[in-house]
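Visitor: My questions will all concern the structure given below.
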Ligand SMILES: Nc1ncnc2c1ncn2[C@@H]1O[C@H](COP(=O)(O)OP(=O)(O)OP(=O)(O)O)[C@@H](O)[C@H]1O
Ligand SMILES: [Mg+2]
């Protein structure tokens with residue numbers, strides 16, 4: 015057997031690929047589902063918290079900052095394990111899917127809060143000063159004038175962060191979420207062949223490359239601030 | 126614009142207050158004994174001013190004399206420390222005033238336009254109409270079209286601020302303010318950020334507003350325009366109104382020393 019044959023047999027074994035492709039496809043669906051939910055919920059959470067922070071109610075802002083700092087400091091894997099194996103001891107038992115969703119959503123929320131907040135503070139003060147004298151209230155100004163500008167400004171870092179977090183769905187493997195990686199490692203141990211992992215890698219690329227390209231498109235689309 | 130309407134407002138506020146009751150309607154905007162400090166700096170020291178209906182009052186003064194602060198107090202972007210502001214006879218300073226209701230009756234135009242960059246010209250105008258006055262899209266669009274036509278930009282409703290020249294942006298900002306049909310318009314150096322060739326368009330719009338009877342309080346250094354269009358010129362120095370009168374008098378025979386110094390710098394300085 016030549017080196018090339020051995021390489022192909024290990025990583026691109028046709029029979030193994032065909033055998034396990036349906037499992038991995040099911041994993042793709044789980045990963046997609048999780049990713050979409052996490053991105054929507056996490057971004058919404060972060061944006062909402064950033065808006066609440068704009069009211070500058072000291073104790074509320076303090077709590078938001080504590081949350082954001084803690085969730086940005088801790089590795090998500092630690093939180094995932096802690097929640098999955100710890101919570102049942104206090105009578106809360108969540109499915110592995112729910113734990114993974116909750117932790118990654120909270121993590122993305124923490125980053126998104128900081129990013130959107132940066133956008134809100136970077137928005138020209140003149141925008142407030144123009145809007146308030148027309149009779150728009152604080153909340154109306156925030157929602158209709160400042161937030162749209164803040165979000166446009168932070169689309170690039172926000173999409174980068176969203177991509178980084180959705181890739182972390184692979185962490186679900188350790189608590190048994192049947193995502194792409196989990197299906198692939200299971201298939202790998204049953205078949206004793208690495209081809210399912212190759213397929214998983216391909217699946218991730220196919221899945222996330224459009225995201226990455228979309229983020230580039232969004233970046234150029236919302237680049238109206240440039241001169 | 127008859128002189129009889131102008132003259133009572135031109136008399137000193139103290140005299141009017143003391144009961145020399147003017148035979149005309151109350152002033153549209155009245156500042157009484159306004160004071161404002163930033164920390165240790167006293168920026169406004171007992172400023173009183175009356176702006177009559179349909180009057181155009183020009184405010185001159187050196188940088189730092191408190192002109193912007195005075196305007197910003199009028200719609201409470203700054204909170205005066207003491208004194209009162211009356212809008213059409215109604216007190217708008219102090220507690221218990223619905224700020225959002227008061228503010229939309231006072232239009233404000235800034236040096237740097239402050240248009241909403243994410244909205245096109247039409248939506249810059251309609252935002253407050255829809256969210257504050259609760260107009261339908263059709264109503265608001267019609268009002269915006271009207272306001273944009275008044276500033277000569279009927280054909281630029283779909284343009285975003287970044288696609289407009291400075292002069293056009295400032296005119297959209299004026300349209301945004303007049304669409305709310307304010308009782309008075311405040312202008313803070315509306316042409317200072319503009320290239321000289323664009324200044325004329327903005328001044329032309331202001332001239333037309335005046336002809337349509339808009340009440341205006343204008344901080345600006347466009348002397349020629351003040352001379353031609355203003356009903357009254359007010360000169361501020363160190364937080365006080367030190368001199369006021371018809372433009373001819375202020376420009377040709379200023380009484381106060383600082384006015385004279387200021388005007389000579391402006392006419393011969395550059
Ligand atoms: N928010 C603020 N905090 C502290 N000081 C301020 C603030 N706003 C204005 N000042 C000070 O108040 C004084 C008057 O400012 P103001 O902007 O009213 O002057 P102005 O007459 O409009 O001057 P200019 O012609 O330069 O616009 C200045 O000394 C300025 O430094
Ligand atoms: Mg100023």
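Protein chains in written order, with my numbering: chain H, 15 to 241; chain P, 126 to 395. Where is the CB? At the ideal position from N, CA and C, for every residue including glycine. Computed from a predicted model, the values in this text were never measured in an experiment.
Can you give the Cα-Cα distance for residue 359/P and residue 155/P, rounded to whole angstroms?
Guide: Taking the straight line joining both Cα atoms gives about 14 Å.
Visitor: For residue 47/H, return the contacting residues in chain P, with the cut-off set at a CB-CB distance below 7 Å.
Guide: None at all; the shortest Cβ gap to chain P is about 32 Å.
Visitor: Are the C-beta atoms of residue 231/P and some chain H residue less than 8 Å apart?
Guide: Chain H contact via Cβ: present.
Visitor: Quick one, are the C-beta atoms of residue 180/H and residue 52/H less than 8 Å apart?
Guide: Result yes, Cβ atoms of residue 180/H and residue 52/H sit closer than 8 Å.
Visitor: Mind checking whether the beta-carbon of residue 222/H lies closer than 7 Å to any heavy atom of ligand 1?
Guide: Checking every heavy atom of ligand 1 against the Cβ of residue 222/H, none is found closer than 7 Å.
Visitor: Check the DSSP bridge columns for residue 366/P and list the partner residues they point to.
Guide: Bridge partners of residue 366/P: 361/P.
Visitor: Less than 7 Å between C-beta atoms, sequence neighbours within five positions excluded: which residues of the same chain meet that for residue 350/P?
Guide: So the qualifying residues of the chain are 328.
Visitor: With a threshold of 16 other CB atoms inside 10 Å of the CB of residue 92/H, please say whether the residue is buried or exposed.
Guide: So residue 92/H counts as exposed.
Visitor: Could you name the residues of chain H that residue 289/P contacts, counting a contact when the two beta carbons are closer than 8 Å?
Guide: Those within 8 Å of residue 289/P in chain H number zero; the least Cβ separation is about 13 Å.
Visitor: I'd like to know whether the C-beta of residue 1/H is nearer than 8 Å to at least one C-beta of chain P.
Guide: The requested residue 1/H does not occur in the structure, where chain H is confined to residues 15 to 241.
Visitor: Is residue 314/P near ligand 2, in the sense that its beta carbon is under 7 Å from a heavy atom of that ligand?
Guide: Within the cutoff, so yes.
Visitor: Does any CB atom of chain P fall closer than 8 Å to the CB of residue 133/H?
Guide: Output row for residue 133/H: interface = no.
Visitor: Suppose contacts are defined by Cβ-Cβ distances below 8 Å. Is residue 176/P in contact with residue 194/P by that definition?
Guide: Against a cut-off of 8 Å, the Cβ pair of residue 194/P and residue 176/P comes out as no contact.
Visitor: Using 8 Å as the cut-off, can you tell me whether the stretch 151-163 of chain H makes contact with the stretch 81-95 of chain H, which would need three or more C-beta pairs spanning the two stretches below that distance?
Guide: Too few Cβ pairs lie closer than 8 Å, so no.
Visitor: Residues in the same chain with beta-carbon distance under 6 Å from residue 61/H, minus the five sequence neighbours each way, listed in chain order, please.
Guide: Only 130 meet the Cβ criterion.
Visitor: Cβ closer than 7 Å: which chain H residues qualify as neighbours of residue 312/P?
Guide: Going along chain H, no residue has its Cβ under 7 Å from residue 312/P, so there is no contact; the nearest lies around 12 Å.
Visitor: Pop quiz: residue 313/P and residue 236/P are said to be a contact at Cβ under 8 Å. What is the actual Cβ separation, rounded to whole angstroms?
Guide: Right, their Cβ atoms sit about 6 Å apart.
Visitor: Please name the residue in 265/P, 159/P, 242/P, 275/P whose C-alpha comes closest to that of residue 333/P.
Guide: For residue 333/P, the nearest C-alpha among the options comes from 275/P.
Visitor: When the Cα atoms are used, what is the spatial distance from residue 197/P to residue 194/H?
Guide: Straight-line Cα distance between these residues: approximately 60 Å.
Visitor: Given a cut-off of 8 Å, decide if residue 214/P and residue 303/P are closer than it, judged by their beta-carbon atoms.
Guide: No, they are not a contact pair.
Visitor: At the 8 Å Cβ level, is residue 144/H part of the contact set with chain P, yes or no?
Guide: Interface residue, yes.
Visitor: Could you check whether the Cβ of residue 192/P sits closer than 7 Å to any heavy atom belonging to ligand 2?
Guide: Correct: residue 192/P has its Cβ closer than 7 Å to ligand 2.
Visitor: Any contact between the stretch 184-198 of chain H and the stretch 114-128 of chain H? By contact I mean 3 or more CB pairs, one from each, below 8 Å.
Guide: Output reads yes: the stretch 114-128 of chain H touches the stretch 184-198 of chain H.
Visitor: Less than 7 Å between the CB of residue 179/P and some heavy atom of ligand 1, yes or no?
Guide: No.
Visitor: Which residues in the same chain as residue 178/P place their Cβ atom closer than 6 Å to its Cβ, once the five residues preceding and following it in sequence are excluded?
Guide: Same-chain partners within the cutoff: 153, 340.
Visitor: Could you give the distance in angstroms between the alpha-carbon of residue 287/P and the alpha-carbon of residue 242/P?
Guide: So the two alpha carbons sit approximately 7 Å from each other.
Visitor: Could you check how far apart the C-beta atoms of residue 387/P and residue 352/P are, in whole angstroms? I think they sit under 8 Å.
Guide: About 15 Å; that fails the 8 Å criterion.
Visitor: Where does the unbroken alpha helix (DSSP H) through residue 194/H begin, and where does it stop?
Guide: Residue 194/H -> alpha helix (DSSP H) spans 194-205.
Visitor: According to DSSP, which residues form a beta bridge with residue 231/P?
Guide: According to DSSP, residue 231/P bridges with 309/P.
Visitor: Restricting to runs no shorter than 3 residues, where is the beta strand (DSSP E) found entirely within the stretch 230-300 of chain P?
Guide: Runs of the beta strand (DSSP E) inside the stretch 230-300 of chain P: 231-234.
Visitor: Which of the three DSSP states, helix, strand or coil, is assigned to residue 222/P?
Guide: Here residue 222/P sits in coil by DSSP.
Visitor: Can you look up residue 180/P in the DSSP assignment and give me helix, strand or coil?
Guide: Residue 180/P falls in the coil class under three-state DSSP.
Visitor: Please find out if some non-hydrogen atom of ligand 1 comes closer than 7 Å to the beta-carbon of residue 166/P.
Guide: Result yes, Cβ under 7 Å from ligand 1.
Visitor: Can you give me, in chain order, the residues of the stretch 160-174 of chain H that have a beta carbon less than 7 Å from any beta carbon in chain P?
Guide: Those would be 162, 163, 166, in chain order.
Visitor: List the residues of chain P whose Cβ lies closer than 8 Å to the Cβ of residue 150/H, in chain order.
Guide: Chain P residues near residue 150/H: 225, 252, 253, 256, 257.
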